[in-house]
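Reviewing the structure listed below.
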Amino acid sequence: MFNLIFPGNQTADESKRLSPDTQAEEEEEDDGSPEEYVARSGFTGSGSDQISFSSGDRLLVHAKPSSQWWWAELRGVIGYVPAGYLRKDAAEGEEEEEEEEDPWQDDEYFGSYGTLRLHLEMLSDKSRTEAYRQVILSNCASLRNKVVMDLGCGTGIISLFCAQLAQPSVVYAVEASSMAEYTRQLVKQNGCEEVVTVLQGRAEEIELPEQVDVLVSEWMGNCLLFEFMVESVLLARDRWLKEGGVIWPSSAALTLVPCQADSYYAEKMAFWERPYGLDFTPLQPLAQQEFFTKPKFSHLIEPNDCLTAPCDVLNLDMYTLQVQDLEEIKGQFHFCVEKSGVLHGFTAWFTVHFESLETGGAAVELNTGPNSEPTHWKQTLFMLDRPVSVYAGDSISGTIVLRRNPIWRRHMTVTLHWNINSCTEDTDNCQVGTKSFPMWR
Ligand SMILES: N=C(N)NCC[C@H]1O[C@@H](n2cnc3c(N)ncnc32)[C@H](O)[C@@H]1O
Numbered sequence: 001m002f003n004l005i006f007p008g009n010q011t012a013d014e015s016k017r018l019s020p021d022t023q024a025e026e027e028e029e030d031d032g033s034p035e036e037y038v039a040r041s042g043f044t045g046s047g048s049d050q051i052s053f054s055s056g057d058r059l060l061v062h063a064k065p066s067s068q069w070w071w072a073e074l075r076g077v078i079g080y081v082p083a084g085y086l087r088k089d090a091a092e093g094e095e096e097e098e099e100e101e102d103p104w105q106d107d108e109y110f111g112s113y114g115t116l117r118l119h120l121e122m123l124s125d126k127s128r129t130e131a132y133r134q135v136i137l138s139n140c141a142s143l144r145n146k147v148v149m150d151l152g153c154g155t156g157i158i159s160l161f162c163a164q165l166a167q168p169s170v171v172y173a174v175e176a177s178s179m180a181e182y183t184r185q186l187v188k189q190n191g192c193e194e195v196v197t198v199l200q201g202r203a204e205e206i207e208l209p210e211q212v213d214v215l216v217s218e219w220m221g222n223c224l225l226f227e228f229m230v231e232s233v234l235l236a237r238d239r240w241l242k243e244g245g246v247i248w249p250s251s252a253a254l255t256l257v258p259c260q261a262d263s264y265y266a267e268k269m270a271f272w273e274r275p276y277g278l279d280f281t282p283l284q285p286l287a288q289q290e291f292f293t294k295p296k297f298s299h300l301i302e303p304n305d306c307l308t309a310p311c312d313v314l315n316l317d318m319y320t321l322q323v324q325d326l327e328e329i330k331g332q333f334h335f336c337v338e339k340s341g342v343l344h345g346f347t348a349w350f351t352v353h354f355e356s357l358e359t360g361g362a363a364v365e366l367n368t369g370p371n372s373e374p375t376h377w378k379q380t381l382f383m384l385d386r387p388v389s390v391y392a393g394d395s396i397s398g399t400i401v402l403r404r405n406p407i408w409r410r411h412m413t414v415t416l417h418w419n420i421n422s423c424t425e426d427t428d429n430c431q432v433g434t435k436s437f438p439m440w441r
């Protein structure tokens, strides 16, 4: 898991990592006059306060209330625009060599996997790590003499499980970060060098000496797709997986549920109502913008926060999924409210399945939802701008769209559209809502 750009609720030690907030502070102090920016790519605004633009449009930026959303003007229309879609327009004659930032942000990304913090977090996650161990254990007989690729092996834990619990002919452990040199030491330290070969490099670029029978990877990010490491897995599948080979995980599902989030709402919004007997409610619009614009990663939803039964909104088949499918993935949902309560938002989590190498063998499942052992991913909470009371029998239906950022290739925007239909016959009130959540650019 990797927090490329930290959400508003980042912890103190994470705040020192480069994030747009830091970049915004580093930009020269502006003198308040609007600045001209050029759109790197087109954007379709959602809601009344965002403006749409096309690639190449010149926008006048009047204010930068946050690192994610700026207040800008285009052809007389003013509204919020996503800062990541804009680049400064070089002044006339000024030779501004704008250092084009890597859209994959690989320096930060692989740089952070070169330290132990994230590997310790992943290895300390027993649910995650034991699930992969169970996959190897339950397929140990079929893995005999097989050629395996472990994509993004990190410290090599999956490769070591393969060598320790089964007898594959070889495991190619591919790792792009500097952790690879330590992974080699761990392989040797555990007497697995006969079976495990560590290759340092990006999976898309390294050369394997042969095709593989099994491609295994732990690629899942927050809300399943964040980091978009899945693209590397699909490219490796197409290039290195034998016809009839097995990919682990074999499938992935994203699950959604309408939920209450009383304590989070109280902590970030209700707090301003009467702090120390004073009325701080004029700050609530700021709180909404700052705390509810982005999803909340690592949210732990209690089962009784769920207002309905959850619903799988996306199902990905790792054998047929194509890289271009990742640009925009749509899902639908229909929930029946089981108990009256307050709809503060929606919570998402994922489940992956590992099919058995033996025909008819049992699949292994890794479920990161509230009814399973917690994992380091926990769940992802999408807070609505305003809570809505809902009643048993109401229905909540709508769509979820995961739209990959056309510029920052590890990021996406999650857009929710919902209709709340009251069940009481005498009122035909149907509340409609929509909100887009940048993750993170
Ligand atoms: N969300 C996750 N599971 N992240 C695990 C990412 C692990 O895979 C490594 N990794 C990610 N993408 C790649 C890639 N294309 N090639 C090789 N290693 C990769 C990364 O350095 C880290 O050790």
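Quick note on the UniProt record's numbering: the sequence shown kicks off at 1 and runs consecutively.
Positions of the beta carbon are idealized from the N, C-alpha and C atoms, including for glycine.
Span separating the alpha-carbon of residue i from that of residue j
i           : j    : result
E328        : T413 : 10 Å
F292        : M383 : 5 Å
F346        : V196 : 43 Å
F333        : T415 : 13 Å
C423        : E338 : 12 Å
D106        : R239 : 22 Å
W418        : K435 : 9 Å
F437        : T281 : 24 Å
F110        : G398 : 37 Å
E273        : Q322 : 49 Å
S48         : Y80  : 9 Å
Q431        : L59  : 34 Å
C223        : S67  : 22 Å
residue 446 : D125 : Residue 446 lies beyond the residue range present for the chain, which begins at 1 and ends at 441; the question has no answer from this structure.
A141        : C259 : 44 Å
R75         : I51  : 11 Å
V38         : M439 : 22 Å
A176        : P370 : 32 Å
S127        : R133 : 10 Å
7 Å Cβ shell around residue i - same chain, five flanking residues per side excluded
i    : result
K242 : Q211, V212, D213
N429 : S422
S298 : K378
M229 : G152, W219, G221
S261 : Per the sequence presented here, residue 261 reads as Ala, with Ser not at that position. The residues are D305, H344, G345, L381, M383.
E25  : Because E25 carries a pLDDT of 41, less than 50, the predicted location of this residue cannot be relied on, and no value is offered for it.
Same chain, Cβ closer than 6 Å to residue i, five either side skipped, listed in chain order
i           : result
S395        : C336, N421
R441        : G84, N405, W408, H411
S263        : none
L368        : For the record, residue 368 in the displayed sequence is Thr; it is not Leu. Excluding residues within five positions, the ones whose Cβ falls inside 6 Å are W349, F350, T375, W377.
residue 448 : No statement about residue 448 is possible, as the shown extent of the chain runs from 1 to 441 and does not include it.
S217        : L151, G152, V233
G433        : W418
L137        : L165
Beta-ladder partner(s) of residue i, from DSSP
i           : result
T115        : The partner list for T115 (beta bridge, DSSP) is empty, contrary to what the question assumes.
G433        : W418
V77         : L74
S395        : C336, N421
A63         : W71
residue 524 : Within the shown structure, residues of the chain are numbered from 1 to 441, placing residue 524 beyond reach of any answer.
Y276        : According to DSSP, which records beta bridges pairwise, Y276 is partnered with nothing at all.
G345        : C259, M383
H299        : Q379
N367        : T351
M149        : Y172, L215
M220        : In DSSP, M220 forms no bridge with anything.
V401        : K330, T415
E36         : L60
residue 442 : In the structure displayed, the chain extends from 1 to 441; residue 442 sits before or after that span and is not available.
V390        : G341
First through last residue of the alpha helix (DSSP H) which encompasses residue i
i    : result
R128 : 126 to 138
E101 : Taken as a continuous stretch (DSSP letters only), E101 belongs to no alpha helix (DSSP H), as it is neither H nor E.
D238 : 230 to 240
C162 : 157 to 165
Any non-hydrogen atom of ligand 1 within 7 Å of residue i CB
i    : result
Y80  : no
A173 : no
R237 : no
F297 : no
F110 : yes
L151 : yes
W219 : yes
M229 : yes
G154 : yes
Segment limits, beta strand (DSSP E) that includes residue i
i    : result
Q200 : 196 to 200
C306 : Run containing C306: none; DSSP gives neither H nor E here.
V313 : 311 to 317
V88  : Note that residue 88 is Lys in the sequence shown here, rather than Val. Segment 86 to 88, the beta strand (DSSP E) holding K88.
8 Å Cβ cutoff, residue i in contact with chain C
i    : result
S422 : Included in the structure is just one protein chain, with no chain C present.
Cβ shell of residue i (< 8 Å), same chain only, five flanking positions each side left out
i    : result
V246 : D213, V214, L215, E355, L357
T129 : M122, L123, I157
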